[in-house]
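Here the numbering used here is used: position 63 in the sequence shown is 78, and no number is missing along the way.
C-beta atoms are modelled at their ideal positions from N, C-alpha and C, and glycine is treated no differently.
Contents: one structure, followed by commentary.
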Amino acid sequence: MWILSLLLILIIPRQKRRLAMVAFLFKQYITCIFGHAMVELQLLAYPVKELADVSRTSFTYEYMAYPMICAVFNAYYPSHRSGWIQFGYYVLFTTVLTIGEVLLVQYTDLIRYVRWNWLWSWVTIFLTFLMTRAFCVTYFGTMTRVETAKQKNAASTTRS
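This is the structure in structure tokens:
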């Protein structure tokens with residue numbers, strides 16, 4: 016999983032790497048909060064943990080695979096397409112991740128649903144993708160306005 020996640024970096028276009036990095040880090044932040052809350056509330060469990068002394072969540076899933084997929088999601092987000100295409104993009108990524116999780120629950124001991132089900136996973140994955148996209152749009156929108164203001168200041172200073 017680590018190798019696959021790291022290889023995903025190679026498919027992110029160079030001009031979208033800053034966006035992907037911000038999405039990756041913000042998704043890690045979100046999953047840190049949600050992942051720990053779900054485990055502490057005993058809604059789901061990770062019987063196999065990489066860093067059992069540090070955390071009761073799955074380090075690989077919560078801090079590498081899921082955030083990296085979110086980085087790819089944001090790098091290829093169809094922002095100039097119709098609202099239906101954008102919604103379908105969310106649904107596609109959310110559904111694929113949920114199916115993958117359900118397969119892990121059924122056929123491995125990596126995840127165990129205690130008081131959880133696939134629908135809760137689908138909803139939380141969808142919402143965290145939505146939150147990450149909103150953060151990236153806000154962050155880069157703010158950055159664009161700051162850069163535009165700096166350029167205007169520089170232009171007015173050179174005219175004076």
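Rounding to the nearest angstrom, what Cα-Cα distance links residue i and residue j in this structure?
{"i": "A35", "j": "P62", "result": "30 Å"}
{"i": "S136", "j": "E55", "result": "16 Å"}
{"i": "V111", "j": "L134", "result": "13 Å"}
{"i": "K31", "j": "Y76", "result": "23 Å"}
{"i": "P28", "j": "S94", "result": "15 Å"}
{"i": "L59", "j": "Y128", "result": "5 Å"}
{"i": "R148", "j": "V117", "result": "24 Å"}
{"i": "I26", "j": "G103", "result": "21 Å"}
{"i": "Y92", "j": "T157", "result": "19 Å"}
{"i": "T123", "j": "A90", "result": "31 Å"}
{"i": "G115", "j": "Q121", "result": "10 Å"}
{"i": "T153", "j": "N132", "result": "32 Å"}
{"i": "M53", "j": "T139", "result": "11 Å"}
By the three-class DSSP mapping on this structure, what secondary structure does residue i have?
{"i": "L59", "result": "strand"}
{"i": "R33", "result": "helix"}
{"i": "I114", "result": "helix"}
{"i": "R148", "result": "helix"}
{"i": "P93", "result": "coil"}
{"i": "I24", "result": "helix"}
What residues in its chain sit with their C-beta under 6 Å from that of residue i, if we drop five residues either side in the sequence?
{"i": "Y78", "result": "Q43"}
{"i": "I24", "result": "none"}
{"i": "T143", "result": "I45"}
{"i": "L107", "result": "none"}
Starting from the C-beta of residue i, find all residues in its chain whose C-beta is less than 7 Å away, skip the five residues before and the five after it, and write them out in chain order.
{"i": "F150", "result": "F41"}
{"i": "L119", "result": "L125, I126"}
{"i": "F155", "result": "L34"}
{"i": "F141", "result": "Y105, T109"}
{"i": "M146", "result": "I45"}
Excluding the five sequence neighbours on either side, which residues of its own chain have a C-beta within less than 8 Å of the C-beta of residue i, listed in chain order?
{"i": "P82", "result": "A38, F39, L40, K42, Q43, T46"}
{"i": "Q57", "result": "V129, R130"}
Among all the DSSP beta bridges, which residues are the ones paired with residue i?
{"i": "R127", "result": "A60"}
Do residue i and the ligand COA come close, with the Cβ less than 6 Å from some heavy atom?
{"i": "T143", "result": "Questions concerning the ligand COA fall outside what the structure shown contains, since it holds no ligand whatsoever."}
- Can we say the stretch 82-92 touches the stretch 35-47, given the rule of at least three CB pairs closer than 8 Å? yes
- Is the stretch 42-51 close to the stretch 91-101, with three or more CB pairs under 8 Å? no
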